[in-house]
Amino acid sequence: MTFNQWYMIVGAIIFILGVLLVFVLGSLPSFTGSGFIWVNMGVCLMIVGGLMVYYTYKENGK
Amino acid sequence: MENKYIIILIGLLILITFLTQFYGSTDIADYSDTAKFFAGKYSAKIRSSHSYLFGFIHSPFLKITNSYISFKISSLVFLILIILSVYILSGKNKKALWLMTLSPVIWYMSPWISPIQLAALFFLWAYWFIEKFNKTNKLKYLICSGIFVGLAWCVWDTILYFGVFLAVVFLCNKNLSHSCFFIISLLIGLLPRLILDQYLFNFPFYTLIKSTMGGFANSLGGIYQSTGMGVGISYLNISLIILALPLYYWLLHSPKIFKKNKKSVVFLFLCIFLIFALPQIRYVMILAPIIILIISKELNDKQFKRQIIFSIIVILLFITPYLIQIKYSIIDKLNGVDISYLLEFLFKFV
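Top to bottom, those sequences are chains A and B.
Using this note's numbering, the first residue of the first sequence is number 1, and each one after it goes up by one.
Using this note's numbering, the first residue of the second sequence is number 1001, and each one after it goes up by one.
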């Protein structure tokens, strides 16, 4: 597996984790009093994970 | 010629900082009240939740001037030192100088009564030394880095989290003895705060434990979250964080740049992740110099121009409340309001 393939997979995993944080933990407000911390962190993971996949795709051209 | 424009920009920064009546909107009493307390001008019982050291440093100036002007002067001095540090550490890269001078967070933080400017200066050097250690494995760099993290922690409590990320990322593949050296040198850097705490409270770790435990309690649903504060404004604050970050920060996540700066990118990612959890523009002050130090080497001329235009637009947005508060007050807040407050309360932008 090349570095770029590995990097793209890690990016995809981070993106999925972000989606889970936003839509699963973000809807469970009991722990922190509100779910906004999870949603915020999830948004961050989605942005970074998405960019990792996008940049790798752009660089590889496939 | 270029230097002339930089001097004009810094002159403008100084002018706005001194003319505006704004002094900051978060935790400012924790630092201004302690300065008054040490200057013998505070009548109530002091109960700050943060480090007393920053107020202690400013107390002689407060006693002489009888005003908070020294906080603005020190803020400007620290910010100018950050700009110069980034310029020097980047190998006198002109792009880095421009990017740092026109960094929106510099203009945002300039009038604030806050130790973040000083902590950011120390943390920038801590990062640079640990990067040097990572490349050379020379112990002196690690010790310097630890001392600078300790000094930053002396004045600002939140640096603990950034310091932990820095240590974990840069020392994860090193010997255990390196971590011990880092912790010992961190404690050496922390000495001014420990000595002051011992003198004031007969316990050197008093304010460290108080503020860290307070932060921990809040993260588990303390007073702010149980009241619902921050829920509605979180999207607004996230948008402002994204604006405050250098536009091309996100480029660091491309595999090409990641390969060259693996540890730095992971460290910055962890810090951004933390900042997103509790989005406040002032936190970006710690990361912006480090980000600019890295991206200034990577940007081509076209990207550099785009970054400068983006920064100018964001600066204009961020300093608008400060300009208004040169002559007028906004929603009768004692210390004035920043862009977050202005957008949140004035325009109901939530």
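Yeah, the Cβ is synthetic: ideal placement off N, Cα and C, and Gly gets one too.
These figures come from a predicted structure and were not determined experimentally.
Terminal residues of the alpha helix (DSSP H) in which residue i lies
| i | result |
| --- | --- |
| Y1005 of chain B | E1002 to L1019 |
| H1253 of chain B | That residue, H1253 of chain B, is in no alpha helix (DSSP H); it is neither H nor E in DSSP. |
| Y55 of chain A | F36 to N60 |
| G11 of chain A | F3 to F23 |
| G1163 of chain B | I1159 to L1171 |
| V1265 of chain B | K1262 to A1277 |
| V1105 of chain B | P1104 to M1109 |
| H1178 of chain B | L1176 to F1201 |
| I1088 of chain B | I1069 to L1089 |
| F1345 of chain B | Note, F1345 of chain B: premise wrong, no alpha helix (DSSP H); not H, not E. |
| V1284 of chain B | V1284 to I1295 |
Listed by chain order, chain B residues near residue i by CB distance under 7 Å
| i | result |
| --- | --- |
| I37 of chain A | A1277 |
| Y55 of chain A | H1253, S1254 and P1255 |
For residue i, three-class secondary structure by DSSP
| i | result |
| --- | --- |
| S30 of chain A | The pLDDT assigned to S30 of chain A is 49, lower than 50, so where the model puts this residue is not dependable, and the model offers no usable value. |
| A1244 of chain B | helix |
| K1138 of chain B | coil |
| Y1023 of chain B | coil |
| D1301 of chain B | helix |
| Y1206 of chain B | helix |
| P1115 of chain B | coil |
| H1050 of chain B | coil |
| Y1031 of chain B | helix |
| S1311 of chain B | helix |
| W1125 of chain B | helix |
| N1093 of chain B | coil |
| G1230 of chain B | In this prediction, G1230 of chain B scores a pLDDT of 48, lower than 50, which makes its location untrustworthy; no coordinate-derived value is stated. |
| A1152 of chain B | helix |
| I1331 of chain B | coil |
| Y1042 of chain B | coil |
| I1238 of chain B | helix |
| I1326 of chain B | coil |
| G1214 of chain B | helix |
Chain B residues whose Cβ lies nearer than 8 Å to that of residue i
| i | result |
| --- | --- |
| F3 of chain A | P1255 and K1259 |
Contacts that residue i makes with chain A (C-beta to C-beta distance below 9 Å)
| i | result |
| --- | --- |
| F1273 of chain B | M41, C44, L45 and V48 |
Distance between residue j and residue i (C-alpha atoms, nearest Å)
| i | j | result |
| --- | --- | --- |
| F1258 of chain B | L1293 of chain B | 15 Å |
| N40 of chain A | G1040 of chain B | 43 Å |
| Y1249 of chain B | I1073 of chain B | 30 Å |
| A1217 of chain B | K1094 of chain B | 44 Å |
| K1210 of chain B | Q1198 of chain B | 14 Å |
| W1125 of chain B | S1059 of chain B | 26 Å |
| G49 of chain A | V10 of chain A | 8 Å |
| R1047 of chain B | L1160 of chain B | 21 Å |
| K1135 of chain B | F1129 of chain B | 10 Å |
| Y1052 of chain B | R1193 of chain B | 8 Å |
| E1002 of chain B | M1100 of chain B | 14 Å |
| F1269 of chain B | A12 of chain A | 15 Å |
| I1272 of chain B | C44 of chain A | 8 Å |
| K58 of chain A | L1252 of chain B | 14 Å |
| K1256 of chain B | L1142 of chain B | 27 Å |
| K1174 of chain B | F1162 of chain B | 19 Å |
| G1055 of chain B | L1097 of chain B | 30 Å |
| G1230 of chain B | I1339 of chain B | Low local confidence applies: a pLDDT of 48 at G1230 of chain B is under 50, so the model's placement there is unreliable, with the coordinate-based value given in what follows. One C-alpha to the other measures close to 15 Å. |
| G1232 of chain B | A1029 of chain B | Low confidence applies to G1232 of chain B: its pLDDT is 48, below 50, so where it sits in the model is not reliable, and the reading given next is rough at best. About 25 Å. |
| I1290 of chain B | Y1322 of chain B | 26 Å |
| L1118 of chain B | F1148 of chain B | 11 Å |
| A1035 of chain B | I1008 of chain B | 32 Å |
| L1245 of chain B | Q1280 of chain B | 12 Å |
| L1191 of chain B | Y1206 of chain B | 13 Å |
| L1208 of chain B | G1215 of chain B | 11 Å |
Beta-carbon neighbours of residue i, restricted to chain A and to distances below 7 Å
| i | result |
| --- | --- |
| I1295 of chain B | Within chain A, no residue comes near I1295 of chain B; the closest Cβ sits about 14 Å away, beyond 7 Å. |
| I1238 of chain B | N40 and V43 |
Within chain C, partners of residue i - CB distance below 7 Å
| i | result |
| --- | --- |
| L51 of chain A | Any reference to chain C falls outside this structure, whose protein chains are A and B. |
Under 8 Å by beta carbon: chain A residues contacting residue i
| i | result |
| --- | --- |
| F1269 of chain B | V48 |
Residue i CB to nearest heavy atom of the ligand ZN below 6 Å
| i | result |
| --- | --- |
| I1257 of chain B | Inclusion of the ligand ZN in the displayed structure is not the case, the ligand content being empty and no account of it being possible. |
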